[in-house]
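Let me begin by presenting the structure, written as structure tokens, before commenting on it.
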Amino acid sequence: MPEAGYPFSAVVGHDDLRTALLLNAVHPGIGGVLVRGEKGTAKSTVVRALAALLPAIAVAADCRFSCDPDAPDPRCPDAPHAGRTERPARLVELPVGAGEDRLVGSLDLERALREGVRAFQPGLLAAAHRGVLYVDEVNLLHDHLVDLLLDAAAMGRAHIEREGVSVSHASAFLLVGTMNPEEGELRPQLLDRFGLTVEVRAARDVDTRAEVIRRRLAYEADPVGFAGAWADADAELAARIVAARAALPGVALPDAELRRIAAVCAAFDVDGMRADLVVARTAAAHAAWRGGDRVTEADVEVAARLALPHRRRRDPFDEPGLDDKQLDQALRDAAEAEGDGEPEPDPDPPASAPTPDDSPQETKAPPAPQGDGDGKRAGAPDAAFKARRLEIAGVGEGAPGRRSRARSGGGRTLRAASRGTGVHLVGTVTAAAPHQRARGRHGTALELRPDDVRRTVREGRESNLVLFVVDASGSMAARKRMTAVTGAVVSLLRDAYQRRDKVGLVTLRGSGATLALPPTSSVEAAVARLRDLRTGGRTPLADGLLTARRTLAAERLRDPRRRALLVLVTDGRATVPARPGGDPLADAERAAALLAGDGVAAVVVDCEGGPVRLGLADRLTTAIGGTGVRLADLSADAVAGVVRAARAA
1238 MPEAGYPFSA VVGHDDLRTA LLLNAVHPGI GGVLVRGEKG TAKSTVVRAL AALLPAIAVA
1298 ADCRFSCDPD APDPRCPDAP HAGRTERPAR LVELPVGAGE DRLVGSLDLE RALREGVRAF
1358 QPGLLAAAHR GVLYVDEVNL LHDHLVDLLL DAAAMGRAHI EREGVSVSHA SAFLLVGTMN
1418 PEEGELRPQL LDRFGLTVEV RAARDVDTRA EVIRRRLAYE ADPVGFAGAW ADADAELAAR
1478 IVAARAALPG VALPDAELRR IAAVCAAFDV DGMRADLVVA RTAAAHAAWR GGDRVTEADV
1538 EVAARLALPH RRRRDPFDEP GLDDKQLDQA LRDAAEAEGD GEPEPDPDPP ASAPTPDDSP
1598 QETKAPPAPQ GDGDGKRAGA PDAAFKARRL EIAGVGEGAP GRRSRARSGG GRTLRAASRG
1658 TGVHLVGTVT AAAPHQRARG RHGTALELRP DDVRRTVREG RESNLVLFVV DASGSMAARK
1718 RMTAVTGAVV SLLRDAYQRR DKVGLVTLRG SGATLALPPT SSVEAAVARL RDLRTGGRTP
1778 LADGLLTARR TLAAERLRDP RRRALLVLVT DGRATVPARP GGDPLADAER AAALLAGDGV
1838 AAVVVDCEGG PVRLGLADRL TTAIGGTGVR LADLSADAVA GVVRAARAA
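According to our numbering, the sequence shown is numbered sequentially starting from 1238.
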């Protein structure tokens, strides 16, 4: 039996998640929920269980877009409507591998070519109207699909302009996304489009974990009986959702609470006004849920805990979360500014109302500088900067991203061909047109055969695997360069984050190299490892390059279409040979030549300083067949300045 049958009321713990989902069910205008959590924490189970609580909806008969018969969409493609029927609210799932056609809909190509009509085939945005649209692993969804999805969620409408079809239809839904942060983050601007966010973790309490196991085993043994045992509790929650929806228009938002909301959002220095609006809507929904007729400070506090954690991130690598003390102080400051004195007491909520988790995560600061030398941490990096784009030559076919040129499902159209990513309508018609008389065409319908179909060849950008090999030996640390180096690498990592790359980290120090971070989509993990990087000791450069070669070979087996870019950050000094009695620098050059033979694209970042330069990094650049870049030239602003100066001269 699918997980959708698991009762919502039977979920153990996850109070914040339950609260966020129920409040969105009361007021869909909140903007949905993003659920962040480690694997195996029942995120999907809870979300799917919500659909059974949503009230049934009346829809216009034979309307593919689920129009409300009492307030039909005047621009609905299926209008005019006649008749009505009632059905349960849908939970529509958007698979990670879905394409744009599946999400927004597309031209019905068969009818267009055979009947000469422009018929529209609705997508998942139409199916989810007035229901729930659930995206599991939303952080792995292609960026252009996320943009389309969130635009529709924000506007309540989907607009399709493609292949000669112009369609606009209502698409208001409760958007729920789940993600595992270990597999990569969403961009901050996309995080902001989700109304609420919840961090989910497995309980550490033994009794709670035992109860989770007990209930899950009971459900698997008898799904129907288990659901029946919780049917009354779920029916009570469903009735409360209906009652809260009806009461919501009558909930008052006093001016004092409105100013409190504005003060709290200002205290957390959030961008724009979306946070203020979301907190206000959430507070009103919480008041309606608990049976109140006006918003109180307690409602604002609950709303702020759910709406602000993902909006207070000032940097992509900041950990999400809300400082509990800062929130309490902001509420007190707002109360004092209004002359309220003591905070207003929270009215007693109904016993069955879920309560938020009062243990938010505090943001960890980077470690303080610990000095240099053998076994010392690299310390806090220098201020990061906007890095220049490093890209791989040629055209690839990897996952969509923003680094190197690639043939992809997005981007600009180049031509029609027999192979590609989608149907090229004009190319197909052009290929079939010369053969119509020979095929005995009758009427206006086009006689189309399979070999007439032409595909669209598009060129966009792909994401790459960026493997950093960072020299953390004594020759780097002794000259006080590691803070500058770590600042530069953090800048490159931020660039990789924005371009949707996978990253890996190999560090060199002591007697050998270490794969500090196997290739992953979590750039944040790479930053954390880099900030804990220890420096000092000898320079095993050859071993580092060989470790990188083995890592890249393994990744080619896992994902052969994703191209790799090796970024070697070093001053070129080598003091540890690959084998006893060998020459360290010669061994490093041989290892570099092996990478060149594998066809690995490489960039060597030369960190050598001082008035006398040995040019060792240049020798490695030649051996590896890559591009050499000085540390100071990694900044995009510095490069732009050089270009401007050259043009002026």
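For each residue, glycine too, the CB sits at the ideal point set by N, CA and C.
Where residue i falls: helix, strand or coil (DSSP)
i                  : result
aspartate 1515     : First, the residue type needs correcting, since residue 1515 is valine and not aspartate in the sequence shown. Helix.
glycine 1749       : strand
lysine 1739        : strand
serine 1700        : coil
glutamine 1673     : coil
glycine 1320       : coil
leucine 1627       : coil
serine 1641        : strand
methionine 1416    : strand
arginine 1565      : A small correction: the amino acid at residue 1565 is aspartate; arginine does not occupy that position in the sequence shown. Aspartate 1565: helix per DSSP, three-state reduction.
glutamate 1330     : strand
alanine 1602       : Any answer about alanine 1602 is weak, because its pLDDT of 35 lies below 50 and its placement is not dependable; what the coordinates show is given next. In the structure shown, alanine 1602 sits in coil (DSSP, three-state: anything other than H, G, I, E or B).
phenylalanine 1705 : strand
arginine 1273      : strand
histidine 1381     : helix
leucine 1287       : helix
tyrosine 1371      : strand
arginine 1798      : coil
glycine 1298       : For the record, residue 1298 in the displayed sequence is alanine; it is not glycine. Alanine 1298: coil per DSSP, three-state reduction.
alanine 1395       : strand
serine 1281        : helix
phenylalanine 1622 : coil
alanine 1363       : helix
Whether residue i touches residue j by CB criterion (8 Å)
i               : j               : result
alanine 1829    : leucine 1789    : no
serine 1405     : arginine 1394   : yes
glutamate 1684  : arginine 1691   : no
alanine 1567    : isoleucine 1267 : no
glutamate 1699  : alanine 1624    : no
aspartate 1622  : serine 1728     : One detail in the question is off: residue 1622 reads as phenylalanine in this sequence, not aspartate. For phenylalanine 1622 and serine 1728, yes; Cβs fall inside 8 Å.
isoleucine 1397 : valine 1461     : no
valine 1263     : valine 1272     : no
valine 1437     : leucine 1254    : yes
arginine 1367   : isoleucine 1294 : yes
arginine 1527   : alanine 1489    : no
alanine 1811    : threonine 1776  : yes
arginine 1737   : glycine 1635    : no
leucine 1832    : leucine 1853    : no
aspartate 1843  : glycine 1865    : yes
serine 1759     : glutamate 1419  : yes
proline 1770    : threonine 1693  : The question names proline, but residue 1770 is leucine in the sequence shown. Not in contact: leucine 1770 and threonine 1693 (Cβ atoms no closer than 8 Å).
asparagine 1417 : glycine 1274    : yes
leucine 1543    : alanine 1257    : yes
alanine 1541    : valine 1501     : yes
Contacting residues, own chain, Cβ-Cβ under 6 Å from residue i (five flanking each side not counted)
i              : result
glycine 1608   : Caution applies to glycine 1608, whose pLDDT of 37 falls short of 50 and renders its modelled position unreliable; the value that the coordinates give is listed next. There are no such residues.
serine 1589    : For serine 1589, the predicted structure reports a pLDDT of 40, less than 50, and the residue's modelled location is therefore unreliable. A value from the coordinates is still provided. So the list is empty, once near-sequence residues are dropped.
aspartate 1536 : Ala1520, His1523 and Ala1524
alanine 1860   : Glu1826, Ala1829 and Ala1830
alanine 1763   : Leu1730, Val1740, Leu1742 and Leu1754
serine 1872    : Phe1622
alanine 1326   : Leu1291, Ile1294 and Gly1368
alanine 1464   : Gly1242 and Pro1244
Residues of its chain near residue i, where Cβ-Cβ distance is below 8 Å and the 5 sequence neighbours each way are ignored
i               : result
alanine 1838    : Ile1629, Ala1630, Arg1800, Ala1801, Leu1802, Leu1803 and Gly1863
isoleucine 1478 : Leu1259, Ala1262, Val1263, Leu1290, Leu1291 and Pro1292
glycine 1578    : For glycine 1578, the predicted model reports a pLDDT of 44, less than 50, meaning its position is unreliable and no value from the coordinates is stated.
valine 1296     : Ser1303, Cys1304, Asp1305, Pro1306, Arg1321, Thr1322, Glu1323, Arg1324 and Arg1367
glycine 1277    : Ala1439
proline 1491    : Arg1531 and Val1532
Contacts around residue i, its chain only, beta-carbon distance under 7 Å, and the 5 residues preceding and following it disregarded
i             : result
serine 1246   : Trp1467, Ala1470, Asp1471 and Leu1474
arginine 1301 : Asp1315, Pro1359 and Ala1363
arginine 1482 : Val1263
Of all the beta strand (DSSP E) runs that stay within the bounds of the segment 1800 to 1884, which reach a length of 3 or more residues? 1801 to 1807, 1838 to 1843 and 1864 to 1867
Which ranges does the beta strand (DSSP E) cover as unbroken runs of at least 3 residues, wholly within the segment 1753 to 1784, from first to last along the chain? none
When the Cβ atoms of the segment 1798 to 1816 are set against those of the segment 1768 to 1781, are three or more pairs found closer than 8 Å? Touching, yes.
Is it a yes or a no for the segment 1504 to 1521 touching the segment 1421 to 1440, going by three-plus beta-carbon pairs under 8 Å? The segment 1504 to 1521 vs the segment 1421 to 1440: in contact.
Pairing CB atoms from the segment 1352 to 1371 with CB atoms from the segment 1332 to 1339, are three or more of them under 8 Å? yes
Is the segment 1736 to 1753 close to the segment 1701 to 1711, with three or more CB pairs under 8 Å? yes
Segments of 4+ residues assigned as alpha helix (DSSP H) that fall wholly inside the segment 1400 to 1476: If only complete runs of 4 or more residues are kept, the segment 1400 to 1476 shows the alpha helix (DSSP H) at 1425 to 1428, 1443 to 1458 and 1460 to 1466, in order along the chain.
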